[in-house]
Amino acid sequence: MGQASLCQNQGMSDVGGNELSSTNPTIYLRVSPTDRGATVEVASAQRRFTLPDGRIVLAVAGPHPVDMRQVADWLVRGCPDPAPVRQGFAACLVDPRTGALTMAAGARNEITLLWSALPDGGLVVSSRLLDVVDPLPDPQLDLGKLAGILSFVDESDTTVYRGVLRLPVGHTATWRPGTEMRVRRWFVPHEVEPYDRSRFGDEGLRLREVISEAVVESLPTTGGVAAHLSGGLDSTTVVATAAGILEPQGRVVHTLSHLLPEGQWPDWLPESIDDRPHVRALGAGVPGLDQHEFVHDARSPLDDMTWMIERAGTPFLNPTNTPWIRAMDAWAAEHDCAVMLTGAHGSIGYSATRLGQYRRALRSARLDVVARDIRSRRAAGDGVMLIGNNVVGEVSPGFLAAWSRARHGQRPDEFSSRDQVVRPELLPEEAARRQGRGGRARHLQREFWERAVISDPSSSTALQPPGLMTWHSDPLSDQEVSRLLFSLPPDAWLGHGFDRAMARRAMSGLVPDSVRLRAGRGIQGIDLGPAISAHQRQYIELLERIEASPLAS
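According to the working numbering, the sequence shown is numbered sequentially starting from 269.
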């Protein structure tokens with residue numbers, strides 16, 4: 269008979285219901301096979317619950333209360349859709365006698381589990397990448413994986429380390445010593461009945477209701493609430509919704525916005541992408557906000573990239589964002605905020621563009637929907653050429669790409685590779701195929717959205733900030749929000765005179781129209797030019813070091 273060896277964090281104890289075993293937002297366990305079964309070592313678990321038969325349930329989740337009994341029952345029943353927890357979570361069910369393991373990740377892009385097989389036939393599982401890498405005798409970086417990330421082609425079940433695998437968001441896996449890991453998807457938002465207007469009414473109002481439910485599931489019952497506010501549609505929706513919930517309770521949302529220094533706008537940037545007017549308009553029009561503005565500080569994104577890799581074990585997809593993300597997380601931790609609300613993945617579904625909707629409408633013979641959208645766009649000022657490109661690009665992206673090459677006198681290889689940062693010999697096959705059929709045009713259509721939501725688009729970024737206690741919560745990746753968006757017909761997005769129609773419809777009456785109807789995207793905190801120019805010498809030195817590295821040869 270095997271035994272469970274529990275190496276607990278200070279203050280950890282067997283608990284059920286909503287209590288926390290530990291404030292450390294991680295899971296870490298190791299299963300080692302023995303002649304008589306297995307030894308299970310649990311070194312970290314934010315939440316822990318023991319079933320009557322002796323099996324142990326471990327979970328990590330956001331600050332909203334979680335009933336571990338419901339999580340345990342869900343795991344025992346094989347993780348059916350939907351999950352009992354709507355905030356981000358990951359959980360394990362392990363038998364300390366046999367080592368048999370079931371693990372699952374929630375539907376939100378907030379946290380998941382990683383694992384690696386050990387030479388002794390055992391397994392190590394953690395929500396933290398470095399915990400899984402450290403036990404390996406000779407961990408190796410996977411350059412193909414890195415090339416895939418840079419080419420916008422990524423497999424969500426792999427990591428940047430060979431032999432270290434990842435449970436995609438919305439998936440579950442089972443394993444026992446001597447067998448292979450068996451992974452399946454439990455989250456199937458695309459298998460949904462079409463939206464019933466007679467039952468649910470206006471799509472925009474219904475979407476706002478479901479998002480409000482998701483925000484409630486993200487909030488702690490007590491303590492501070494911070495939120496990243498960029499001034500864009502996604503973060504604005506989350507912030508305004510949270511303020512509407514908390515303000516009647518006498519609580520506020522601390523909004524943290526990354527803006528370029530006032531009065532120092534670079535000549536090479538159009539002022540139309542300045543987020544400051546929209547951030548301040550929201551503060552003036554929505555009660556319950558405590559606004560804070562951050563500007564780029566003395567740290568270089570190159571310094572913060574090192575800081576991130578040392579703690580997360582993986583590069584951050586957009587290194588120019590690390591200084592202000594780190595500064596905001598530090599502020600939230602210093603002010604005892606239990607959660608940092610974001611809308612990081614909203615553009616995948618909630619604020620998705622009309623791309624793909626023309627194609628859906630034409631496939632279902634809804635020519636009236638396409639015609640109505642064209643008329644509304646013309647009335648709103650869109651040009652005939654722009655509208656024509658959109659329609660033709662959806663019906664035949666390859667034709668549009670060929671026409672563009674002919675018009676600009678480009679050779680095919682120039683057109684397909686001009687924006688690539690990966691050497692052709694390292695370019696993944698899927699990226700090469702996509703370029704051959706018209707660059708990113710097809711990649712950005714509805715098929716990409718569906719694939720991204722189902723397979724998990726968060727695999728190349730750090731889900732939770734390493735070494736900090738503030739939980740990042742993204743209500744726009746909630747399972748019911750995704751399910752609703754998949755159920756909507758094309759005319760929910762088309763015929764309204766503006767792009768990103770579902771987001772703007774849901775925001776009507778929630779935020780000032782100057783924010784809701786803003787044209788185009790803002791700078792969203794990306795200030796690579798000023799950041800690099802302020803650290804030019806350091807940047808050149810780093811490039812020289814990279815050039816001299818064996819990896820660059």
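The beta carbon of each residue, even a glycine, is placed where N, CA and C say it ideally should be. Keep in mind the model is a prediction, meaning the values are calculated, not measured.
Indicate whether at least one CB of chain D lies closer than 8 Å to the CB of residue 657.
-> Here chain D cannot be found, since the structure has a single protein chain.
Taking the alpha-carbon positions, what's the residue 748 to residue 447 distance?
-> As a working note, residue 748 is residue 480 in the sequence shown. As a working note, residue 447 is residue 179 in the sequence shown. Each residue's Cα considered, the two are about 34 Å apart.
Run the CB neighbour count on residue 324, radius 10 Å, all protein chains shown included, and call it buried at 16 or more, exposed below.
-> Taking the first residue of the sequence shown as position 1, residue 324 is located at position 56. The residue is buried, with at least 16 neighbouring Cβ atoms inside 10 Å.
Could you pull out every unbroken beta strand (DSSP E) segment of at least 3 residues lying fully inside the segment 363 to 389, listed in chain order?
-> For the segment 363 to 389, the continuous beta strand (DSSP E) assignments of 3+ residues that do not extend past its boundaries occur at 369 to 373 and 382 to 385, in sequence order.
Around the C-beta of residue 322, are 16 or more other C-beta atoms found within 10 angstroms, so that it is buried, or is it exposed?
-> Taking the sequence shown and counting its residues from 1, the one referred to as residue 322 is at position 54. The residue in question, residue 322, is exposed, as its Cβ has fewer than 16 Cβ neighbours within 10 Å.
Measuring CA to CA, which of 605, 767, 562 and 779 is closest to residue 658?
-> Taking the sequence shown and counting its residues from 1, the one referred to as residue 658 is at position 390. Looking at the Cα atoms, 767 is the closest of the given residues.
Three or more beta-carbon pairs under 8 Å between the segment 294 to 308 and the segment 361 to 371, yes or no?
-> By the Cβ rule, the segment 294 to 308 counts as touching the segment 361 to 371, because three or more pairs are nearer than 8 Å.
Would you report the Cα separation of residue 441 and residue 435, rounded to the nearest angstrom?
-> Looking up residue 441 in the sequence shown gives position 173. Looking up residue 435 in the sequence shown gives position 167. For residue 441 and residue 435, the distance between alpha carbons rounds to 8 Å.
Between the CA atoms of residue 439 and residue 454 - distance to the nearest angstrom = As a working mapping, residue 454 is identified with position 186 in the sequence shown. As a working mapping, residue 439 is identified with position 171 in the sequence shown. Rounded to whole angstroms, residue 454 to residue 439 spans 5 Å at the Cα level.
Quick one: complete alpha helix (DSSP H) runs, 4+ long, within the segment 299 to 356?
-> Along the segment 299 to 356, the alpha helix (DSSP H) occurs as fully enclosed runs of 4 or more residues at 336 to 344, listed in sequence order.
Assign residue 644 to one of three DSSP states: helix, strand, or coil.
-> Locating residue 644 in the sequence shown gives position 376, counting from the first residue. Residue 644 falls in the helix class under three-state DSSP.
Between residue 599 and residue 633, what straight-line distance do the alpha-carbon atoms span, to the nearest angstrom?
-> Position 331 of the sequence shown holds residue 599. Position 365 of the sequence shown holds residue 633. Each residue's Cα considered, the two are about 53 Å apart.
In this structure, what does DSSP give as the bridge partners for residue 608?
-> Position 340 of the sequence shown, counted from the first residue, corresponds to residue 608. Answer by DSSP bridge pairing, in chain order: 494 and 740.
Out of curiosity, what's the CA-to-CA distance linking residue 652 and residue 645?
-> The residue you call residue 652 lines up with position 384 of the sequence shown. The residue you call residue 645 lines up with position 377 of the sequence shown. Using only the alpha carbons, I get a separation of about 9 Å.
Alpha-carbon spacing of residue 465 relative to residue 760, whole angstroms = Against the sequence shown, residue 465 aligns to sequence position 197. Against the sequence shown, residue 760 aligns to sequence position 492. For residue 465 and residue 760, the distance between alpha carbons rounds to 11 Å.
DSSP bridge partner residues for residue 521 (one or two, in chain order) | As a working note, residue 521 is residue 253 in the sequence shown. Residue 521 is bridged by DSSP to 493 and 557.
Roughly how many whole angstroms lie between the Cα atoms of residue 547 and residue 517?
-> Within the sequence shown, the letter at position 279 stands for residue 547. Within the sequence shown, the letter at position 249 stands for residue 517. Their Cα atoms are separated by approximately 23 Å.
Would residue 494 pass as a contact of residue 437 if the rule is Cβ separation under 8 Å?
-> Locating residue 494 in the sequence shown gives position 226, where the first residue counts as 1. Locating residue 437 in the sequence shown gives position 169, where the first residue counts as 1. Not a contact, by the Cβ cut-off of 8 Å.
Simplified DSSP assignment, three categories, for residue 618 | Taking the sequence shown and counting its residues from 1, one reaches residue 618 at position 350. In the structure shown, the three-state DSSP call for residue 618 is coil.
Does DSSP put residue 456 in a helix, a strand or coil?
-> To locate residue 456, count along the sequence shown from 1; it is residue 188. Reduced to three states, the DSSP call for residue 456 is coil.
Do residue 298 and residue 368 come within 8 Å of each other at the CB atom, strictly closer than that value?
-> As a first step, residue 368 is located in the sequence shown; it is residue number 100 there, counting from the start. As a first step, residue 298 is located in the sequence shown; it is residue number 30 there, counting from the start. Going by C-beta atoms, residue 368 is not nearer than 8 Å to residue 298.
When the distance is taken between beta carbons, is residue 488 closer than 8 Å to residue 515?
-> If you number the sequence shown from 1, residue 515 lands on position 247. If you number the sequence shown from 1, residue 488 lands on position 220. Inclusion of residue 515 and residue 488 in the CB contact set at 8 Å is not warranted, their separation being larger than that value.
Expected contact under 8 Å - CB spacing of residue 382 and residue 359 to nearest Å | Mapped onto the sequence shown, residue 382 falls at position 114. Mapped onto the sequence shown, residue 359 falls at position 91. No, residue 382 and residue 359 are not in contact; Cβ-Cβ is about 14 Å, not under 8 Å.
Return yes when the Cβ of residue 390 is within less than 8 Å of the Cβ of residue 312, no when it is not.
-> The sequence position of residue 312 within the sequence shown is 44, counting from 1. The sequence position of residue 390 within the sequence shown is 122, counting from 1. The answer is no: Cβ separation not under 8 Å.
Decide yes or no for the touch test of the segment 326 to 338 against the segment 399 to 414: beta carbon pairs closer than 8 Å, at least 3 of them.
-> For the pair of segments examined, the segment 326 to 338 was found not to touch the segment 399 to 414: the number of CB pairs separated by less than 8 Å stays below three.
Just the C-alpha distance for residue 452 and residue 349, rounded to the nearest angstrom, thanks.
-> Your numbering for residue 452 matches position 184 in the sequence shown. Your numbering for residue 349 matches position 81 in the sequence shown. Taking the straight line from one Cα to the other gives about 12 Å.
Test item: CB-CB of residue 738 and residue 629 under 8 Å = Here the question's residue 738 lines up with position 470 in the sequence shown. Here the question's residue 629 lines up with position 361 in the sequence shown. No, the pair does not count as a contact, with Cβ atoms beyond the cut-off.
Boundaries of the alpha helix (DSSP H) in which residue 483 is found, first to last residue | What you label residue 483 is simply residue 215 of the sequence shown in a count that begins at 1. Looking at the DSSP string, the run of the alpha helix (DSSP H) that includes residue 483 is 471 to 484.
Name, in chain order, the residues that DSSP records as bridge partners for residue 428.
-> For the purposes of this step, residue 428 is taken as the residue at position 160 of the sequence shown. Partner(s): none; residue 428 has no beta bridge.
If you draw a straight line from the alpha carbon of residue 603 to that of residue 533, how long is it in whole angstroms?
-> Residue 603 sits at position 335 when you count from the first residue of the sequence shown. Residue 533 sits at position 265 when you count from the first residue of the sequence shown. Approximately 30 Å, taken between the alpha carbons.
Decide if residue 758 is buried, meaning its Cβ has at least 16 other Cβ atoms within 10 Å, or exposed.
-> To locate residue 758, count along the sequence shown from 1; it is residue 490. The residue is buried, with at least 16 neighbouring Cβ atoms inside 10 Å.
Just confirm the distance between the C-beta atoms of residue 314 and residue 330, as a whole number of angstroms; I'd bet it's less than 8 Å.
-> Start at 1 with the first residue of the sequence shown, and residue 314 comes out as number 46. Start at 1 with the first residue of the sequence shown, and residue 330 comes out as number 62. Residue 330 and residue 314 do not touch by the CB rule: their CB atoms are close to 10 Å apart, not below 8 Å.
Straight-line gap, residue 520 to residue 486 (C-alpha atoms, nearest Å) | Taking the first residue of the sequence shown as position 1, residue 520 is located at position 252. Taking the first residue of the sequence shown as position 1, residue 486 is located at position 218. Approximately 15 Å between the Cα atoms of the pair.
Under 8 Å, do residue 384 and residue 433 count as touching if we go by C-beta distance?
-> Along the sequence shown, read from residue 1 onward, the residue named residue 384 stands at position 116. Along the sequence shown, read from residue 1 onward, the residue named residue 433 stands at position 165. In this structure, residue 384 places its C-beta atom within 8 Å of the C-beta atom of residue 433.
So, is residue 796 buried or exposed, given that buried needs 16 or more other C-beta atoms within 10 angstroms?
-> Walking along the sequence shown from the start, residue 796 turns up at place 528. No answer about residue 796 holds up, because its pLDDT of 48 lies below 50 and its placement is not dependable.
What separation, rounded to the nearest whole angstrom, lies between the Cα atoms of residue 522 and residue 558?
-> Residue mapping note: residue 522 aligns to position 254 of the sequence shown, counting from 1. Residue mapping note: residue 558 aligns to position 290 of the sequence shown, counting from 1. Taking the straight line joining both Cα atoms gives about 5 Å.
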